[in-house]
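Asker: Here the sequence shown stands for residues 40 to 347, where the numbers follow the numbering used here. Don't be surprised by glycine CBs; every beta carbon is placed ideally from N, CA and C. Predicted model only: the values in this text are computed from it and were never measured.
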Amino acid sequence: MTPSTSTFSARLNQTAKLVEATLEALLADNARHGEAARPARLMAAMRHAALGGGKRLRPFLTIEAARLFGSEGQGALRAGSAVELLHCYSLVHDDLPSMDDDDLRRGRPTVHRAYDEATAILAGDALQTLAFEVLASPETDADPALRSDLVLGLARASGLGGMVGGQMLDLSAEGRYGSVAMDEAEIRRLQMMKTGAILTFSVEAGAILGRADASARRSVVEYGRALGAAFQVADDILDREASAEALGKRTGKDREKGKATLVDLLGLEGAKRECGRLVEQADAALAGFGEKAQILREAVRFVVEREV
40 MTPSTSTFSA RLNQTAKLVE ATLEALLADN ARHGEAARPA RLMAAMRHAA LGGGKRLRPF
100 LTIEAARLFG SEGQGALRAG SAVELLHCYS LVHDDLPSMD DDDLRRGRPT VHRAYDEATA
160 ILAGDALQTL AFEVLASPET DADPALRSDL VLGLARASGL GGMVGGQMLD LSAEGRYGSV
220 AMDEAEIRRL QMMKTGAILT FSVEAGAILG RADASARRSV VEYGRALGAA FQVADDILDR
280 EASAEALGKR TGKDREKGKA TLVDLLGLEG AKRECGRLVE QADAALAGFG EKAQILREAV
340 RFVVEREV
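As structure tokens, this is what we get:
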């Protein structure tokens with residue numbers, strides 16, 4: 040039986056609450072084993088960055104992909120929360136004056152505005168390292184080889200060949216280091232690295248936790264890549280059509296900086312057709328899983344149809 044939109048929304052909201060509670064516990068003030076202390080200002084800035092906002096799409100994908108392979112419980116919740124910590128670190132650093140120089144995130148002051156730039160840098164650093172600590176912990180899974188696989192996957196998705204490398208390409212696309220005219224293939228590569236790599240790993244992490252075989256894992260990764268690409272195209276469309284008030288952040292940044300997007304190359308209608316093509320690609324990747332994967336199919340539709 041195909042889940043309704045209300046069923047999908049209910050599950051997404053339920054997962055968001057579970058992730059919020061997990062993040063609150065991970066970001067508590069009390070020092071843990073092996074820690075001398077947790078500085079109060081740093082913890083407050085980390086909580087400002089990670090708590091009280093966001094759809095928690097990345098941990099949702101991890102949890103649902105793990106469920107697809109029969110794995111449920113604390114392991115998937117912790118792994119998904121680790122991905123969310125990594126994502127939140129990236130937002131803190133992206134918002135810095137030296138990067139995107141944003142004042143608002145999720146309708147609230149960005150961390151460097153609420154605190155200061157040095158605190159924001161350290162808060163991002165700490166969120167990043169905490170993400171890997173959570174994945175490496177036996178509480179996430181008893182199998183050290185599986186934990187190593189998770190750590191390796193997140194490192195690759197977030198590092199020089201993934202998110203960080205994508206951010207470097209993004210800065211170059213603004214013309215910071217000389218005039219740059221990007222073609223469609225270069226724009227797709229930038230977006231695959233900066234945004235898509237973490238979304239793809241979010242799904243792959245669930246397959247790792249579920250002990251998926253190589254073929255099933257490849258299918259899930261293919262789905263994740265299509266979803267990641269769709270997410271970025273939909274984000275570019277929202278940047279053109281939605282208000283800053285609705286999104287809770289500044290809009291029109293790429294146009295201001297003269298940076299090309301697929302919306303520029305394809306037009307709004309062409310970009311919307313591209314979203315439809317990517318939804319079909321994601322569906323095809325999940326064809327072998329039958330009805331068990333319906334929530335993941337709903338997730339890619341949610342990505343392209345969202346209004347915030």
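#1: If we count the other Cβ atoms within 10 Å of its Cβ and call it buried at 16 or more, is Ser218 buried or exposed?
#2: Touch check for the region 168 to 185 and the region 115 to 122: three-plus C-beta pairs under 8 Å?
#3: Examine the Cβ distances between the region 233 to 247 and the region 197 to 209 and report whether three or more of them are shorter than 8 Å.
#4: Helix or strand or just coil, what does DSSP make of Leu208?
#5: Is there at least one non-hydrogen atom of the ligand PLP closer than 6 Å to the beta-carbon of Arg147?
#6: Count the CB pairs spanning the region 45 to 58 and the region 95 to 102 that are closer than 8 Å, and state whether there are at least three.
#7: Given that a residue counts as buried once 16 or more other Cβ atoms are within 10 Å of its Cβ, and exposed if not, what is Arg106?
#8: Following the continuous alpha helix (DSSP H) through Ser197, name the residue where it begins and the one where it ends.
#9: Can you find the residues in the same chain that come closer than 7 Å, C-beta to C-beta, to Ile276, ignoring five residues on each side of it along the sequence?
#10: Do Val122 and Ala162 have their CB atoms nearer than 7 Å?
#11: Mind reading off the beta-carbon distance from Ala273 to Val342? Whole number of angstroms is fine, and I expect it under 8 Å.
#12: Is the beta carbon of Lys298 sitting closer than 7 Å to the one on Ala212?
#13: Assuming Gly205 and Thr239 are in contact, meaning their beta carbons sit under 8 Å apart, how far apart are those beta carbons, in whole angstroms?
#14: Taking contact to mean at least 3 C-beta pairs separated by less than 8 Å, is the region 241 to 252 in contact with the region 314 to 328?
#15: Can you have a look at Ala70 and say buried or exposed, based on whether 16 or more other CB atoms are within 10 angstroms of its CB?
#16: Give me, in chain order, the residues of the same chain whose beta-carbon lies closer than 7 Å to that of Gln320; leave out the 5 immediate sequence neighbours on both sides.
#17: Look at the alpha carbon of Ile9 and the alpha carbon of Gln271, and state the distance between them as a whole number of angstroms.
#18: May I ask you to list the residues that DSSP assigns as paired with Leu143?
#19: Between Ala89 and Leu166, which are expected to be in contact by the criterion C-beta below 8 Å, what is the C-beta distance as a whole number of angstroms?
#20: In terms of alpha-carbon separation, which member of Ala75, Leu189, Glu261 and Glu243 lies closest to Phe108?
#21: So, helix, strand or coil for Glu261, using DSSP?
#22: Use the C-beta contact count for Ser258: other C-beta atoms within 10 angstroms, 16 or more gives buried, fewer gives exposed.
#23: Could you spell out the range, first to last residue, of the alpha helix (DSSP H) harbouring Ala246?
#24: Counting along the chain, where does the alpha helix (DSSP H) carrying His87 start and finish?
#25: Would the beta-carbon of Ala83 fall within 7 Å of that of Val150?
#26: Skipping 5 residues on each side, what residues in its chain have a beta carbon closer than 8 Å to that of Tyr350?
#27: Could you tell me the distance, in whole angstroms, from the CA atom of Gly146 to the CA atom of Asp134?
#28: So, is Glu337 buried or exposed, given that buried needs 16 or more other C-beta atoms within 10 angstroms?
Answerer: Taking the structure as given:
#1: By the neighbour-count rule (16 or more Cβ atoms within 10 Å), Ser218 is not buried but exposed.
#2: yes
#3: yes
#4: If DSSP states are grouped into helix, strand and coil, Leu208 belongs with the helices.
#5: Looking for the ligand PLP in the displayed structure turns up nothing, as the structure carries no ligands at all.
#6: yes
#7: Flag for Arg106 reads buried.
#8: Pro183 to Ser197 is the span of the alpha helix (DSSP H), which, as asked, contains Ser197.
#9: Val302, Leu307, Ala310 and Lys311
#10: no
#11: 6 Å
#12: Lys298 places its beta carbon less than 7 Å from that of Ala212.
#13: Actually they are not in contact, since the Cβ atoms of Gly205 and Thr239 sit about 12 Å apart, beyond 8 Å.
#14: No, the region 241 to 252 is not in contact with the region 314 to 328.
#15: exposed
#16: Excluding five sequence positions before and after Gln320, the CB atoms of its chain that fall closer than 7 Å to its own CB belong to Ala265, given in chain order.
#17: Because residue 9 is not part of the residues shown, which for the chain are 40 to 347, the question remains open.
#18: Pro148
#19: 6 Å
#20: Nearest to Phe108 by C-alpha distance, out of Ala75, Leu189, Glu261 and Glu243, is Glu243.
#21: helix
#22: Label assigned to Ser258: buried.
#23: Ala236 to Leu248
#24: Ala79 to Ala89
#25: no
#26: Look at the range of the chain in this structure, 40 to 347, and you will see that residue 350 is not part of it.
#27: 13 Å
#28: Counting other Cβ atoms within 10 Å of its Cβ, Glu337 reaches 16 or more and is therefore classed as buried.
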